[in-house]
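Peer 1: Below: one structure in structure tokens.
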Amino acid sequence: MTRLRIGVIGAGLVGQVEHVPNLAALTDLFDLVGVADPSAAVRAHLADRHGVAGFAEAEALLERPLDAVVVASPDPLHPAHIAAGLERGLHVLCEKPLCYAVEDILRLEALAAGRGLVLLAGYMKRFDPSYEALLGLLAEPRGALRQIAVEVTDPGALPFTRHHAWRSGADVPAGLGEALAAARAEQVARAVPVALDALGFRGFCGPYASSLVHDVNAVHGMLDVLGIGDGEIVAAAVFAGGRGGQGAVRLNGGEALWTMSHLTVPDLPHYSERITLTFEDAALELEFPSPYLNHQPTRLTVRQGEGARLEAREIRAGYGEAFVEELRGFHRAVTEGEPVRNSARAAARDMALVAGLAARDAETRKGQGG
């Protein structure tokens, strides 16, 4: 088995709770060379807990002998960190969103393709055993699709990560926050085809690009199996002061509708995420746990019936961890040439849709004088 020398850029919550410990455990596949993060406290914590070398700058990590890198830095830094890895001949797995702007994603896709490198977008749900099982069910003959409903309420990560040993990066150098804000503003301005006010900006960066984009990617995978195209955006709304985002997409010439919503509810420590596909003769539902709750399988339920008789069955496809299986899939793509499930082109498709939702919301509110 080929072991890949790998580094991690960015050790925030997902880096500390998922990527670093998972890579450290997958010793048959990866040699974790080091982690780059501007926080000295975070680097010291990871060195103590996992024995991994820490680097204050990504460039210092990338100078080490590496085969691949995981990019888990703040979203506005993704374009630069992905490019830096690819330019050094490294395969890259980058957390979502790959980039805010489709043009940046396509530029990086071309860079990776020109060098024969893997660039994988971090949508771990594509590796969820229950999601894989659902795709298998969708490949079977069934009645016409009528609706896809995505509904997410999320208190944030804290209720589900208190039991983990992780450190906040409160000691990052002064001025970093301002630089990130400026980079985010510039990238969002290029990503969304209309100007966004403060509410629209929060909606795009939060509910749409940081959260619903996961479900958008998952649904796009389902539509591909069903042979249904992307559809037409017919409604979108940012609400709850930018903590909520909603959208509706007409599918298959109006034969079906895809609705989606995400709401952050910080005072309600309950996570709920469902994707339900309703056909004329059946309903298939995925119910996801918080992504940080390991060993909590996603529930796949199939409902069918005739007349007043309803049958519901739950399918348990396995207990594999989506984040871990994503790393295994990344390794196979690099070492065995397995097709990349979450390509840069797929990420561009996802971001084009969420940018379209943000634009539709902005245009609607402007037309209403709000």
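To convert, count from 1 in the sequence shown and add 7; that's my numbering. All residues carry an ideal CB built from backbone N, CA and C; glycine is no exception. Owing to the predicted nature of the structure, the values given are computational and were not obtained by experimental measurement.
On the DSSP letters alone, give me the boundaries of the beta strand (DSSP E) that Ala43 sits inside.
Peer 2: Phe37 to Ala43
Peer 1: Check each candidate in Ala181, Thr308 and Val125 and name the one with the smallest Cα separation from Ile89.
Peer 2: Val125
Peer 1: Does DSSP classify Arg169 as helix, strand or coil?
Peer 2: coil
Peer 1: Closer than 6 Å by C-beta to Arg191: which residues in its own chain qualify, once you throw out the five before and the five after it? Chain order, please.
Peer 2: Pro83
Peer 1: So, Gly17 versus Ala79, is the Cβ gap smaller than 8 Å?
Peer 2: Yes; because the gap between Cβ atoms is below 8 Å, this pair is in contact.
Peer 1: Going by beta-carbon coordinates alone, are Pro104 and Met358 separated by less than 8 Å?
Peer 2: yes
Peer 1: Is Gly143 helix, strand or coil by DSSP?
Peer 2: helix
Peer 1: Just to confirm the assignment, what range does the beta strand (DSSP E) spanning Asp55 have?
Peer 2: Counted as a single uninterrupted DSSP element, the stretch harbouring Asp55 is not any beta strand (DSSP E) but the alpha helix (DSSP H) occupying residues Ala47 to His57.
Peer 1: For Ala351 and chain D, any beta-carbon pair shorter than 8 Å?
Peer 2: The question asks about chain D, but that chain is absent: this structure has only one protein chain.
Peer 1: Going straight from the alpha carbon of Gly249 to that of Phe330, what length do you get?
Peer 2: Roughly 28 Å separates the two Cα atoms.
Peer 1: So, helix, strand or coil for Val179, using DSSP?
Peer 2: The DSSP-derived three-state label of Val179 is coil.
Peer 1: DSSP three-state call for Arg372: helix, strand or coil?
Peer 2: helix
Peer 1: Are three or more beta carbon pairs between the region 17-26 and the region 166-181 nearer than 8 Å?
Peer 2: yes
Peer 1: Can you give me the C-alpha to C-alpha distance between His171 and Leu334, rounded to a whole angstrom?
Peer 2: 20 Å
Peer 1: Whole angstroms are fine: how far does the CA of Arg12 sit from the CA of Val77?
Peer 2: 11 Å
Peer 1: Please list, in chain order, all residues of the same chain as Gly363 whose beta carbon is under 6 Å from its beta carbon, the five residues on each side excluded.
Peer 2: Taken in chain order, the residues that qualify are Ile240.
Peer 1: Report the rounded CA-to-CA distance for Cys101 versus Leu118, giving the unit in angstroms.
Peer 2: One C-alpha to the other measures close to 15 Å.
Peer 1: Any contact between the region 318-327 and the region 182-196? By contact I mean 3 or more CB pairs, one from each, below 8 Å.
Peer 2: No, they do not touch.
Peer 1: Assuming Gly61 contacts Leu53 (C-beta within less than 8 Å), just tell me the rounded distance between them.
Peer 2: Correct: roughly 6 Å between the Cβ atoms.
Peer 1: Over what stretch of residues does the beta strand (DSSP E) that includes Gly254 continue unbroken?
Peer 2: Gly251 to Leu258
Peer 1: Look up Ile155 in the DSSP assignment and say whether it is helix, strand or coil.
Peer 2: strand
Peer 1: Who are the Cβ neighbours of Gly213 in its own chain at under 8 Å, not counting the five residues just before and after it?
Peer 2: Gly249, Arg250, Gly252 and Thr271
Peer 1: Taking 6 Å as the limit between beta carbons, can you name the residues of its chain near Val232, skipping five residues before and five after?
Peer 2: So the qualifying residues of the chain are Leu142, Leu145 and Ala146.
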